[in-house]
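Novice:
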Amino acid sequence: MSDEETQVSRREFVHTGLQLGAALGVSGLGGLTIVGEAGAQTKRQYPWESLPAGETVPPTKLQLRTIGLGVSVQDRFLREFERRTGHKATGKVTGLTPMITEWLAGGYRNYDTNETNANRNAALWSAKLLQPIPVDKVVPWKSARDLFTNPKALGHDEVSGWPLVEIWVNPKTQQEFKLVPQFFNCDSIGYRYDLLKEDVTSWGSLVDPKYKGKVGILNDSLLTPGWCAGYMKKNNLAQIKRSDNMTRKELDTVIDFLIKRKREGQFRAIWEDYGQCVNMLASGEIWLADSWNPVVEDVKKQGVVCKYAFPKEGFTAWFHGVAVAKDTPNLQAAIDYVNFCLEGWWGAQVAPQGYYSPTTTCETYLKASKRTDPQGRFNDYEWWYLGGENEEPKKGWPIRGRDTGSFRKRWSNVMHWMVWPDDADYYAKRWNDFLSA
Amino acid sequence: MRQTHTPPAKAPALEVSTTLVVRRGVAFLERHPGVASLLLVLPGTIWMMLFVGIPLASIVLFSFWRSGFAGLVPDYNVENYAALLGGRTFWRITFWTYEVVIIALAGVIVLAYPAAYAIWRVVRDDRWKTAVLLLCVVPFWTSYLTRTITWLPMFGREGVVNRVLLALGVIGEPLEILLYTPYSMMWGLWSLYIVFMIGPLYHSMTKIDEDVMSAAAMLGATPLRTFFHVVLPLTRPGLMAGSLFVMVLGLGEFFTERVIGGAQNPMLAGLILRQIDIFQWASASAIAVTLTVLTLVTVSAMLRLFDLRKV
Amino acid sequence: MTARAPVIASVARPLIRPLYLAYLGFILAVLYFPFVVMTILSFQGPRGGHTFPLRGVSTIWYWKLFNPGKLTPYSDVGEFLGDYLASLQRSVVLAVITMLISTALALMAAQAFRRGFKGSGLVFYLWLLGIIVPGITVSLGLSLWFRRMDLPLHWLTTGLPVHVMWTLPFSLIIFLMFFNRFDTSLEDAALILGATRWKTFRHVTLPLMQPAILTSLLFAFTLSLDEFQRSLLITGTDQTLPLMVMASVTTRITPTLYALGTLTTLLSFAVVGAYLALLTYSLRKSRRLVEGSSNPRGSR
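Chains as they are written, first to last, in this note's numbering: chain A, 1 to 437; chain B, 438 to 748; chain C, 749 to 1048.
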């Protein structure tokens, strides 16, 4: 166990919600009274805290209307939120672009919260559609990981100031959130080990002629040139200062390189959606792709030997957060929702997809369950956060623990964060050149 | 005349006058068909003005603005158009888009014509005709996205088609041409648009008088001659309507190219989405306006060949 | 004309019919091929994906379809548990209203276009813009406009205008196509005999237009059911089916979609079958009426 993690687990806020609720119930600080099915009464300090199974909080007059990706806006999460808080919860699932565009075009009035990628959230913030959330309203933030509070933390990028710069109104004082982090991860390459028969250790594999016609890449004008730039920079193939925010000249070099590869037939398909990438990998249509950790987990679940690469150039990091609409009539529900997402249960729920939670509160939940390890040796916390690294490979399954190892190992190897480049328009223009080449 | 001077009870008067107004109104409209036409076309036109006219007008306006990070800035310039029309990529994509749409249209006509003809001449019972036509439509009641998702299990490396061909020994290794290529995109478009052609074609065929057909046969015309000299000219309205549909839908196509075409050969409408992805609403609007103008020019050129509106 | 041509024709004639029928069968087979695959894969085992191979056989995807939001021992986090049936219901309601409004408005306008009026060219192209202006920009422009009007977004109230806007040009073109080469002699006869224009329309034109009306209804219904580009930004929280399917693609795609596709297709067959039965019944009834009137005593 790393120092950081031991330290965190000692913190007093890391109890199960149930224990916390019971403890606070004794002190009885203006707690809510819940009438459960069994007639038992539990006092809790906050409505978003965990609630014994079978109990339901009576409905309030507030509601929560949220919008986001299918990853975070899940019916099961919203129902649990309803059960705990009594606020009626509805969620719209859509794509990244539509959800920001809908808000910018005036749809924000229909919603209380937006669960979005940090790099696009800046658009909502600068359009003044969001309200800052005071840090003391977000109770579980006391167990936040350093990455989101400390500029010296592992994985923090000093040049871009990410992730702090997109979280805080003022990253120095850290008093108000622009966006409350919800879940985060870093991307690399998913590959079919059974077909490749070797490990992928570099982003270069995606442009390696050895895999001509077997590669899928994401149709994204910002992300795909981003990793390619990182690859070229770290291998001294091009002079690039910042792979996350390139100048026009640097971008030209990268796109020209990609166009050359495309003309040679390197790319089998350019994928659009999460589901599409899962399918193409699972069906062997492509053998490797720039992909996301959950994609790989989903492919594995279909019984296919798929692995997630640990690229020597580093991962590309991102985080999603919850933003609160400027003039929401349900401010309290929105704040309860933010707390609910960080309370621990939520973070524990998304961990088996490969996502990390920005607070350490999920540990108690994860430590109590043992659903992932096929041999039943490691609990879910040891598997998803510590990487289950000491395990011997299971027969016929060449994956030892979680691919790419522990949280610490992964975050000590970050290439760049997915920031919004200064010249996004030029990125798009050049990406079109690439697509139509 | 006399009666008008005696004031009748209030309620009946109102009744009389409303019927009178209606009757007079109807009579007026009968006498002035121009006004009647105007009233008939007005509701739909207002609808279109509100829900296409206004958005389009605003898009035209935006295309001369500038995109800020968080929305549009009313800072008039022609930079969006200059950047768009000045780039080689735009012209390459435009050219490609037309290439795709014209091939798609030709393919759809070739595929749909015999099908429509078969329904008209070969299927005998009227009920069966209706049944077959409806059968052609039913697949389109399942979401297009769901249908495109089945392309991977059908045409992928491990898909049904490849498996069957491999099992039959026709091919040695899986064909990759079936998916994520310009060809697969073409097949996708054909299967997508065929119903828009069969419907109108069949429709205009049913209006060909049976007497004309038997007259042609009696005069000794071969079926081929009958087809070229009688059927084809008489089905021009259907052909034109179907072609309009396919043309317009094809020029606005972006999804098939992405999902079945593997996104390696973008079409014009896809460019718009790419701009919206990075919040470049102004340049997205410029592309939209350009595409609208191109489509309008294309449609009016087609209508010059054969004007549907003429009676 | 040589003598040989008719000979060939007469030899080929017995072949033509089966040939055409085979071709028709081929087209239908192509159209239904995805549905065969869909149906097979909808019985995918609980651990399988939405491509081949089949990993066992189960009906769990149908269960999931009817139990949205419920977890099973096989549910994975991240699996899309949305209520497809509710959104299907919304889509069908929207499509039915859309087809009625669209057909009515287009029918009225087509009457005007037949007669011709000042500025008809301009109006015609205005209508056509509905299918010409790229969908996503209409959605963007409209959502900005709705915001200015302070209209709350809802799949029916703000969705309907967009759906009708999209289907209207199709309906109009269908009616124009119908009126092109329309035989006006019956109408003229009615007018000469002193019927008003309204009566002529009601009793002569309208019955003649029945096939065009049906086609317009069918087109509008089909187009509306599948619309997603234009409604993407203006439907609010509750989504129509195509948008729901789009949303599900942002997570893992499961065979639940196939279960839905299979069921809706079967349902469609049932509707088509019922329609045909009704048609047969009404045909038989009218035939009996005709027989009855020609033979006042009744044949049996």
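No residue lacks a Cβ here, since even glycine has one placed at the ideal position from N, Cα and C.
1) Helix, strand or coil: which one does DSSP assign to isoleucine 697(B)?
2) So, with DSSP's three-state summary, where would you put alanine 38(A)?
3) Taking 8 Å as the CB-CB cut-off, is isoleucine 491(B) touching chain C?
4) Quickly, what does DSSP pair alanine 323(A) with across the bridge? List them, please.
5) Could you tell me the alpha carbon to alpha carbon distance between tyrosine 356(A) and glycine 347(A), rounded to whole angstroms?
6) What residues of chain C sit near threonine 361(A), judged by a beta carbon separation below 9 Å?
7) For glycine 523(B) and serine 680(B), I'd like the C-alpha separation in whole angstroms.
8) Taking the DSSP output, what are the residues bridged to glutamate 440(A)?
9) Between threonine 253(A) and the rest of its own chain, which residues show a CB-CB distance below 7 Å, the 5 nearest in sequence each way excluded?
10) What runs of the alpha helix (DSSP H), each 4 residues or longer, lie entirely inside the segment 654-739 of chain B?
11) Take every Cβ of the segment 665-685 of chain B, pair it with every Cβ of the segment 529-537 of chain B, and state whether three or more of those distances are shorter than 8 Å.
12) If you measure from the beta carbon of threonine 526(B) to each beta carbon in chain A, is any gap under 8 Å?
13) Based on Cα-Cα distance, which residue from Phe692(B), Ala553(B) and Val667(B) lies nearest to aspartate 646(B)?
14) I want to see whether chain A comes within less than 8 Å of phenylalanine 894(C), judged by CB atoms only; does it?
15) Reducing DSSP to helix, strand and coil, say where threonine 66(A) ends up.
16) Name the chain A residues whose beta carbon is nearer than 7 Å to that of valine 617(B)?
17) Put leucine 763(C) into one of helix, strand or coil per three-state DSSP.
18) What does DSSP give as the partner residues of threonine 983(C) in its beta bridges?
19) Answer yes or no: do leucine 626(B) and threonine 579(B) have a C-beta to C-beta separation smaller than 8 Å?
20) Below 7 Å on C-beta distance, what does serine 1016(C) contact in chain B?
21) Kindly indicate the opening and closing residues of the alpha helix (DSSP H) around tryptophan 417(A).
22) Which residues in the same chain as glutamine 987(C) place their Cβ atom closer than 6 Å to its Cβ, once the five residues preceding and following it in sequence are excluded?
23) Please list the residues of the segment 534-553 of chain B that have a C-beta atom closer than 9 Å to any C-beta atom in chain C, keeping them in chain order.
24) What residue range is occupied by the uninterrupted beta strand (DSSP E) comprising valine 515(B)?
25) Just the chain A side, please: which residues come within less than 8 Å of histidine 798(C) by C-beta, in chain order?
26) For serine 621(B), which of Leu669(B), Arg741(B), Phe592(B) and Leu705(B) has the nearest alpha-carbon?
27) Mind checking if tyrosine 1029(C) is an interface residue toward chain B, Cβ cutoff 8 Å exclusive?
28) How about leucine 626(B): is its C-beta nearer than 8 Å to some C-beta of chain C?
29) DSSP on arginine 461(B), reduced to helix/strand/coil?
30) From serine 27(A) to glutamine 45(A), what distance separates their C-alpha atoms?
31) Alpha carbon to alpha carbon, how far is glycine 213(A) from isoleucine 189(A)? Give it in angstroms, no decimals.
32) With H, G and I counted as helix, E and B as strand and the rest as coil, what does DSSP make of phenylalanine 501(B)?
33) Is there at least one Cβ from chain B nearer than 8 Å to leucine 435(A)'s Cβ?
34) Whose Cβ in chain B lies nearer than 9 Å to the Cβ of tryptophan 946(C)?
35) Per DSSP, what kind of secondary structure is isoleucine 788(C) in: helix, strand or coil?
36) Buried or exposed for threonine 113(A), please, with buried defined as at least 16 other CB atoms from any protein chain shown within 10 angstroms of its CB.
Specialist: The structure says:
1) Within the second sequence, residue 697(B) is the residue found at index 260, counting from 1. Three-state result, isoleucine 697(B): coil.
2) Here residue 38(A) refers to the residue found at position 38 of the first sequence. Caution is warranted here: a pLDDT of 44 is assigned to alanine 38(A), below 50, making its placement in the model unreliable, and the coordinate value is therefore given only provisionally. Of the three classes helix, strand and coil, the one that applies to alanine 38(A) here is coil, per DSSP.
3) The sequence position of residue 491(B) within the second sequence is 54, counting from 1. For isoleucine 491(B), the answer is yes, since a Cβ of chain C falls inside 8 Å of its Cβ.
4) Along the first sequence, read from residue 1 onward, the residue named residue 323(A) stands at position 323. According to DSSP, which records beta bridges pairwise, alanine 323(A) is partnered with Asn114(A).
5) As a first step, residue 356(A) must be located in the first sequence, where it is residue number 356. As a first step, residue 347(A) must be located in the first sequence, where it is residue number 347. About 7 Å.
6) Looking up residue 361(A) in the first sequence gives position 361. Simply none; closest approach about 17 Å.
7) Position 86 of the second sequence, counting from 1, holds the residue named residue 523(B). Position 243 of the second sequence, counting from 1, holds the residue named residue 680(B). Each residue's Cα considered, the two are about 31 Å apart.
8) Past the edges of chain A, shown from 1 to 437, lies residue 440(A), and the structure says nothing about it.
9) In the first sequence, counting from the first residue as 1, residue 253(A) sits at position 253. These residues qualify, in order along the chain: Ala238.
10) 660-663, 673-688, 692-696 and 705-714
11) no
12) For the purposes of this step, residue 526(B) is taken as the residue at position 89 of the second sequence. Answer yes: the Cβ-Cβ gap between threonine 526(B) and chain A drops below 8 Å somewhere.
13) Within the second sequence, numbered from 1, the residue matching residue 646(B) stands at position 209. The option with the nearest alpha carbon to aspartate 646(B) is Val667(B).
14) Here the question's residue 894(C) lines up with position 146 in the third sequence. Judged by the 8 Å Cβ criterion, phenylalanine 894(C) is in contact with chain A.
15) Walking along the first sequence from the start, residue 66(A) turns up at place 66. Residue state, collapsed to three classes: strand.
16) One-based indexing of the second sequence puts residue 617(B) at position 180. Before going on, a small fix: residue 617(B) reads as tyrosine here, not valine. Arg268 and Ala269, listed in chain order.
17) As a first step, residue 763(C) must be located in the third sequence, where it is residue number 15. If DSSP states are grouped into helix, strand and coil, leucine 763(C) belongs with the helices.
18) Counted from its first residue, the third sequence places residue 983(C) at position 235. Partner(s): none; threonine 983(C) has no beta bridge.
19) By 1-based counting over the second sequence, the position of residue 626(B) is 189. By 1-based counting over the second sequence, the position of residue 579(B) is 142. No.
20) Position 268 of the third sequence, counted from the start, is the residue given in the question as residue 1016(C). Those are Val575 and Trp578, listed as they occur along chain B.
21) Locating residue 417(A) in the first sequence gives position 417, where the first residue counts as 1. It is not in any alpha helix (DSSP H) - tryptophan 417(A) instead sits in the beta strand (DSSP E) that spans 414-417.
22) The residue labelled residue 987(C) in the question sits at position 239 within the third sequence. These residues qualify, in order along the chain: Ser835.
23) Leu548, Ala549, Pro551 and Ala552
24) Here residue 515(B) refers to the residue found at position 78 when the second sequence is read from its first residue. Counting along the chain, valine 515(B) falls outside any beta strand (DSSP E), and DSSP gives it neither H nor E.
25) By one-based count along the third sequence, residue 798(C) stands at place 50. Near histidine 798(C) (Cβ distances below 8 Å), the residues of chain A are Asn279.
26) Here residue 621(B) refers to the residue found at position 184 of the second sequence. The candidate whose alpha carbon is nearest that of serine 621(B) is Phe592(B).
27) To locate residue 1029(C), count along the third sequence from 1; it is residue 281. Cβ-Cβ to chain B under 8 Å: no for tyrosine 1029(C).
28) One-based indexing of the second sequence puts residue 626(B) at position 189. Closer than 8 Å: no.
29) Position 24 of the second sequence holds residue 461(B). Residue state, collapsed to three classes: helix.
30) Within the first sequence, numbered from 1, the residue matching residue 27(A) stands at position 27. Within the first sequence, numbered from 1, the residue matching residue 45(A) stands at position 45. Because the pLDDT at serine 27(A) is just 35, under 50, the model does not fix this residue reliably, and the point stays unresolved.
31) In the first sequence, counting from the first residue as 1, residue 189(A) sits at position 189. In the first sequence, counting from the first residue as 1, residue 213(A) sits at position 213. Rounded to the nearest angstrom, the two C-alpha atoms are 16 Å apart.
32) Taking the second sequence and counting its residues from 1, one reaches residue 501(B) at position 64. Coil, per DSSP.
33) Mapped onto the first sequence, residue 435(A) falls at position 435. Yes, leucine 435(A) counts as interfacial toward chain B.
34) Start at 1 with the first residue of the third sequence, and residue 946(C) comes out as number 198. Neighbours of tryptophan 946(C) on chain B, chain order: Val463, Leu466 and Glu467.
35) On the third sequence, position 40 is the one that residue 788(C) refers to. Isoleucine 788(C): helix per DSSP, three-state reduction.
36) For this step, residue 113(A) is matched to residue 113 along the first sequence. By the neighbour-count rule (16 or more Cβ atoms within 10 Å), threonine 113(A) is buried.
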